[in-house]
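Q:
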Amino acid sequence: MKTGESCPSCSENSEPTPALPWAADNCCRTAAPSHLFEYSLALLIFTLALAISCIFGLPAIILGNTSVFYRYWHCLPCLLFAVATWVMPGSLHEQAVLAVRYAAVTLLAFSPFPTWALLSSGNGYLELCACICLLASIICLQTYCRCLYSLAQSIAELRLQQQVRKTQWLLLYFVLVPLCALYLAGAIILTARYGEPWQKIFHIWGYGRISMYVRVLLYWGLLQVSFLSLLTLLLTCRQLRKRLTDNTSGKA
Numbered sequence: 014m015k016t017g018e019s020c021p022s023c024s025e026n027s028e029p030t031p032a033l034p035w036a037a038d039n040c041c042r043t044a045a046p047s048h049l050f051e052y053s054l055a056l057l058i059f060t061l062a063l064a065i066s067c068i069f070g071l072p073a074i075i076l077g078n079t080s081v082f083y084r085y086w087h088c089l090p091c092l093l094f095a096v097a098t099w100v101m102p103g104s105l106h107e108q109a110v111l112a113v114r115y116a117a118v119t120l121l122a123f124s125p126f127p128t129w130a131l132l133s134s135g136n137g138y139l140e141l142c143a144c145i146c147l148l149a150s151i152i153c154l155q156t157y158c159r160c161l162y163s164l165a166q167s168i169a170e171l172r173l174q175q176q177v178r179k180t181q182w183l184l185l186y187f188v189l190v191p192l193c194a195l196y197l198a199g200a201i202i203l204t205a206r207y208g209e210p211w212q213k214i215f216h217i218w219g220y221g222r223i224s225m226y227v228r229v230l231l232y233w234g235l236l237q238v239s240f241l242s243l244l245t246l247l248l249t250c251r252q253l254r255k256r257l258t259d260n261t262s263g264k265a
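The numbering of the sequence shown is the numbering used here, which starts it at 14 and goes up by one.
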């Protein structure tokens, strides 16, 4: 929003925003209760999807048990995540909502490939798509954190903004970078060994203790984002309740 324009969430206020760098955030804090309700509903679906991912991810990520993939249960949180992105209104935080929406749709599109890769027993194309699905899940968590940061600005929660920024930093340097390094190490090893099938580059979960550390970091990142989503949901519901109380008091 440019300086001097009125915020779309505050259409009842005809005065333009002052020429201050934080004017847009202060204006968005007066979002209508209907917008806060839509955000709360979307956050509830997001949190439910992340909770299901944590439950299914415990045996799959930590223990290396792939049985959950054979019945496509991992596609359920991906579907809920995509639904939540379309429930969330994009009027206040258009760029953040669009980013998480595109990431969620991409994740949903690639979610069946881990199952197909396991059933194919070494198909290189399906293994590559399963790898892209894993990468899309991390990017989806990153973009969702960006959306949480925008919501934290709207409800004026400075500590939540700091926690989201830390989580984004940790997801990048402690989840994405080690995962890419593990794939790169597998590529280097396969290059040094002539005659090895190139599909083995995607079998990173069989690299012993190093892959175990990466799986733990991946699951920790999922838990961290789930906690932030739940916290943002509670704070948004509190803000909605306060706004409804103020409106009721004003009418009285």
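We put the CB at the ideal spot given by N, CA and C, even for glycine.
Just so you know, these numbers come straight off a predicted model, no measurement behind them.
Enumerate in chain order the residues of its own chain whose CB-to-CB distance from V227 is below 7 Å, with the five nearest sequence positions on each side excluded.
A: For the purposes of this step, residue 227 is taken as the residue at position 214 of the sequence shown. Cβ neighbours of V227 beyond the five flanking positions: P191, L192, L195.
Q: Where does T261 land, buried or exposed, given buried means 16+ other C-beta within 10 angstroms?
A: To locate residue 261, count along the sequence shown from 1; it is residue 248. That one is exposed.
Q: Under 8 Å, do A117 and C153 count as touching if we go by C-beta distance?
A: Here the question's residue 117 lines up with position 104 in the sequence shown. Here the question's residue 153 lines up with position 140 in the sequence shown. Yes. Within cutoff.
Q: Distance check for Y186 and L253, CA to CA, integer angstroms please.
A: The count along the sequence shown starts at 1 and reaches residue 253 at position 240. The count along the sequence shown starts at 1 and reaches residue 186 at position 173. The alpha-carbon atoms of L253 and Y186 are separated by roughly 35 Å.
Q: Using a Cβ-Cβ cut-off of 6 Å (strictly less than) and excluding sequence neighbours within five positions of F94, which residues of its own chain qualify?
A: By one-based count along the sequence shown, residue 94 stands at place 81. A62, A117, listed in sequence order.
Q: Quick check on N1: does DSSP put it in helix, strand or coil?
A: Beyond the ends of the chain as shown, which are 14 and 265, falls residue 1; an answer cannot be given.
Q: For Q175, does the count of other Cβ atoms within 10 angstroms reach 16, so buried, or fall short, so exposed?
A: Here residue 175 is taken as the residue at index 162 of the sequence shown, counted from 1. Q175 comes out exposed.
Q: With distances taken between CB atoms, is the gap from V238 to I75 smaller than 8 Å?
A: The sequence position of residue 238 within the sequence shown is 225, counting from 1. The sequence position of residue 75 within the sequence shown is 62, counting from 1. Against a cut-off of 8 Å, the Cβ pair of I75 and V238 comes out as no contact.
Q: Do H87 and F69 have their C-beta atoms within less than 8 Å of each other?
A: As a first step, residue 87 must be located in the sequence shown, where it is residue number 74. As a first step, residue 69 must be located in the sequence shown, where it is residue number 56. Their beta carbons are under 8 Å apart, which means H87 touches F69 by this criterion.
Q: From the DSSP output, in three-state form, read off Y85 for me.
A: Numbered from 1 along the sequence shown, position 72 holds the residue referred to as residue 85. Reduced to three states, the DSSP call for Y85 is coil.
Q: Please identify the residue among K255, T60, L54, F50 whose C-alpha is closest to the C-alpha of L244.
A: In the sequence shown, the residue the question calls residue 244 occupies position 231. Nearest of K255, T60, L54, F50 to L244, Cα basis: T60.
Q: Are the segment 118-134 and the segment 78-85 touching, with three or more C-beta to C-beta distances below 8 Å?
A: In short, these stretches touch, since the Cβ pair count reaches three.
Q: Taking Cβ positions, are C158 and Q181 nearer each other than 8 Å?
A: Stepping through the sequence shown from its first residue, residue 158 is reached at position 145. Stepping through the sequence shown from its first residue, residue 181 is reached at position 168. Yes, the pair counts as a contact, with Cβ atoms nearer than the cut-off.
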